[in-house]
Amino acid sequence: MADGSIGLWTVPLAVLGGAIRVSTPFLFVSLGECITERSGRINLGLEGTLVMGAMSAYGISYLSGSPWLGVLAAGITGALLGALHAGICSLPRVNDVAVGIALMLFGTGLAFYLGKPLIEPTAPRLPAIDFGWWSDIPQLRAALRVNVLFLIGVALAPILYWAFRTTRWGLLIRTAGESSDAARAMGHSVLLIRLRATMVGGFLAGIGGSFLSLFYPGSWNEGLSSGQGITAVALVIFARWDPLLCLWASLAFGGAAALGPALQSVGVTSGYHLFNAAPYILTLAIMIITCSPKRTLTGAPAELSITR
Amino acid sequence: MIIGEPPPPSGAFGVDAIAMTMRFGDFLALDNVELKVRPGSFHALLGENGAGKSTLVKCIMGYYHATEGDILVGGREQAIANPKDAHALGLGMVYQHFTLVPAMTVAENLVLARDDVPAVVNWPKEMKELETFLARMPFKVPLGAKVSDISAGERQKCEILKQLYLKRHFLILDEPTSVLTPAEADEVLGMLRDMVVKGELTILMITHKFREVMAFADEVTILRRGKLAGAGKVAELTPDAMARTMIGAEELTVQPPRTGEAGQARLELEKIRALDDAGAIAVHDVSLTVRAGEIVGIAGVSGNGQRQLVEVLAGQREAEDGEIRVAGDPYHASREEMRRHKMSLLPEEPLKNACVGGMSVADNIAFREFDRAPFASGGWWLNRGAFRDDAKKKIGQYKIKTRTPDTPISALSGGNVQRAVLARELGSEVEVLIAANPCFGLDFAAVAQIHAEIMAARNRGAAVLLVSEDLDELLELSDRLVVMFHGEFVYEARTSEADLTEVGRHMAGH
């Protein structure tokens, strides 16, 4: 191994690295969506929020010179888009799925329009922590270069799990999502709870977007997101609305997404595009295995329009 | 709170509603109604659906603001702007539909209901406090259990405990026993009665069960069409007198007497198994035979598989296993089989399960036959005139109150929706009738008419399967009684020989 060639070990290493790097946007969007859906509303617009977040993070990072300001800007943009979604959904007889699709198109379109001048310049990127310093295998070191956002996301999952059980806000969000009648009977405003939950969800999705433009792949262009936002929404269903499962699901998807490039790097070139489709095939397979027309999903918030 | 103002009373206190008038647009829901609930009393509020009972208590609880009138709490006039104000005064309400969150535990539900839920809940401490609270209470509930896993009786106890936990001393109960077995109802009301006698509580109970009024209430107020129809001490009244005050001069359909004997087996279920929406077994290998000219009643507390069983018979759910035979032929709930065997269905929640809300009354009445002559020529060209003529005839015959045959059926009241379904399902010859809670939430006139129609169908030789949560209805109509518990038939008897305590015990699963 002295020559740095590690042969077929490249594949699992790349999958590990991918699980860490590629999973971060999945993680943030799915945790955000998890909060929103537990409050009884589904926000499909997070794909648009993700792309808007990526664009605004890149823009602010370029203009201010501080990538962390960019991250903050992405979060605020996401929260505003979340407020827009929740605001429209507060009107009577408005369907949250339809509004979400509209906002997905609106968000991506607006980001492409406003982001046109940002394709050329280079913005300062987020730093990474080198956890592979002890090793002299370059592939391992590359895999273990971990961004702080990933660590925040990993920490956020158990915090959310805890918060849903033991904090006032967690209990209120679950009440609004499980029985709006009960919430109203207790004198809480369901619309207000959902507004806040959707804003927090948008905030996290925006941060997920900033990771795309400021770390990996680390530039702004129109092909930046390949549907991570919408896949993450599906991940929440797959993870049964459990933040801890969201973490594992995101890692699995990140790993699956890295499979194609990893196989290519060891010379398996046939079926490259097929391997690139691995996350989507995984999604379909899991959905088919875990869903049944004869039963409702366990763990689904009872007020969610897609499960009602 | 303003300094100098006395705090809300700590024991039982009374509530008076004086000259309450509530107008919704042109509709007068309450017309100068008076209600006096004395401190430390158990007060019953009687009235038909739409008599204004709910409107009145919602005005007291601050959900509605009365157009005119005053509310006195503990003798002092109070402006109650919203439910929070009512809660602060010590008023609490237990709703007809549960307000517990099914996916959460009992303890979570109790803590959540407080006005001062801490930002971070210290569960070990809260659990200890809840246990000390429960130790003082007459009834027990499992704190750690999920609400979706406990029985309806326990849920109702939990709702009441929640109000007591929140230190409310004036409780409004909206039909609190509608989902309980008679024994559970007596237990819960008996315990509340004890607390009232001890002076810890005042209770205002909305109900339509005279038995409970006679057994537990001190005083009664009766509303009819938004007006005060009568009030007085229960001890001085009879159920008949109260019923007459409730319905007024309205003529009820007279039920035909039970005639004829049961004939051949018409509807046979053999080892039917069905799953619920969560994929758990809801109907557990049940077998049953219903003969021509016989009403078989299925009793049971809601949620013991009755709904899934009816859905299988209606074709809304596939059975996992088992066989259904109608007049000896295998039956799979196809339209053709239903027509051939003259099957009729009165499902629960008719607007949802038997109607298309946005379509007209005439269209809804024609569903069974709409593509046959005289409604259609050649099976596709619809004759709208025939729809309307048939509907007009049936609207008259079944006393359906609708402005025109073309009115969307969702605009009708519950009783009239059920009458329209009745007209469709019983308007022609019937050999098998399946009815599920056909009178749920309907007024006396509609109930009397539906009961008369079901009995008439039986007398004409139909095999009737009547699934109901209302035991009185089953005792009145059925020839044979079956009790369903946890998806199984656990008890069967001829209704004339059925022992009520035995039935109640089996409903509760003992």
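Taken in order, these protein sequences are the chains called A and B.
Note that our numbering has the first sequence beginning at 4, numbered continuously upward.
Note that our numbering has the second sequence beginning at 113, numbered continuously upward.
We put the CB at the ideal spot given by N, CA and C, even for glycine.
The structure displayed is predicted, hence computed values, not measured ones.
Between residue 308 of chain A and chain B, the shortest Cβ-Cβ separation is not below 9 Å. Sequence-distant Cβ neighbours of residue 383 of chain B in its own chain, meaning closer than 8 Å and more than five residues away, are 397, 398, 399, 433, 434 and 435.
By the criterion of at least three beta-carbon pairs nearer than 8 Å, the region 20 to 35 of chain A is in contact with the region 221 to 238 of chain A. Here DSSP, grouped into helix, strand and coil, assigns residue 360 of chain B to coil. In the DSSP assignment, residue 502 of chain B falls within the alpha helix (DSSP H) that extends over 496 to 509. Neighbours of residue 184 of chain A in chain B, taken as residues at a C-beta separation under 7 Å, are given in chain order as 209 and 211. In this structure, the straight-line span from the alpha carbon of residue 260 of chain B to that of residue 328 of chain B is close to 29 Å.
The straight-line gap separating the alpha-carbon atoms of residue 607 of chain B and residue 593 of chain B is approximately 5 Å.
Within 10 angstroms of the beta-carbon of residue 489 of chain B lie fewer than 16 other beta-carbons, which makes it exposed.
Under the three-state reduction of DSSP, residue 183 of chain A is assigned to helix.
Below the 7 Å Cβ cutoff, chain A contributes 174 as neighbours of residue 220 of chain B, in chain order. Residue 281 of chain B and residue 168 of chain B have their C-alpha atoms roughly 19 Å apart. In terms of Cβ geometry, residue 307 of chain A and residue 180 of chain A form a close pair [threshold 9 Å]. If only uninterrupted beta strand (DSSP E) runs of at least 3 residues are considered, those enclosed by the region 256 to 289 of chain B are 282 to 286. Here the C-alpha atom of residue 106 of chain A lies approximately 7 Å from the C-alpha atom of residue 88 of chain A.
Shown here for residue 157 of chain A: same chain residues with a beta carbon closer than 7 Å to its own, the five before and five after excluded, namely 250 in chain order.
Residue 550 of chain B counts as buried, since at least 16 other C-beta atoms from the protein chains shown sit within 10 angstroms of its C-beta.
Minimum Cα-Cα distance from residue 55 of chain A among the listed residues A:99, A:26, A:70 and A:112 corresponds to A:112. Taking a C-beta cut-off of 7 Å against chain A, the contacting residues of the region 229 to 248 of chain B are 229, 230, 231, 232, 233 and 235, listed in chain order. Listed along the chain, the chain A residues whose CB falls inside 8 Å of the CB of residue 425 of chain B amount to none; the nearest CB is some 17 Å away. Nearest CB-CB separation between residue 215 of chain B and chain A: below the 9 Å threshold.
Rounded to whole angstroms, the gap between the alpha carbons of residue 166 of chain A and residue 252 of chain A is 20 Å. For residue 225 of chain B, the residues of chain A that pass the 7 Å Cβ criterion are 189, in the order they occur in the chain.
Secondary structure at residue 155 of chain B: strand, using DSSP grouped into helix, strand and coil. Only residues of its own chain outside the window of five on either side were considered, and among them 596, 597, 598 and 599 have a CB closer than 8 Å to the CB of residue 416 of chain B, listed in chain order. Selection A:64, A:40 and A:256 evaluated against residue 288 of chain A yields A:256 as nearest (Cα-Cα).
The same chain holds no residue with a CB closer than 7 Å to that of residue 392 of chain B once the five nearest residues on each side in sequence are set aside.
By the Cβ-count criterion, residue 214 of chain A is buried, with 16 or more other Cβ atoms from all chains shown falling within 10 Å of its own Cβ. Of all residues in the region 179 to 200 of chain B, those with a C-beta nearer than 9 Å to a C-beta of chain A are 194, 195, 196 and 199, reading in chain order.
In the three-state DSSP reduction, residue 213 of chain B falls in the coil class, being neither helix nor strand. Between the alpha carbons of residue 574 of chain B and residue 449 of chain B lies a distance of about 16 Å.
Legend: CB atoms of the region 380 to 409 of chain B lying less than 7 Å from CB atoms of chain A belong to residues 387, 389, 390 and 391.
In the same chain as residue 554 of chain B, and ignoring 5 residues on each side of it, the C-beta atoms closer than 8 Å to its own belong to 161, 526, 527, 530 and 562, in chain order. Ranked by Cα distance from residue 414 of chain B, the options B:621, B:428, B:124 and B:175 are led by B:621. Within the same chain, and ignoring the five residues on either side of residue 560 of chain B in sequence, the residues whose Cβ sits closer than 6 Å to its Cβ are 364 and 365. Chain order gives the chain B residues near residue 169 of chain A as 232, 233 and 235, where near means a beta carbon separation below 7 Å.
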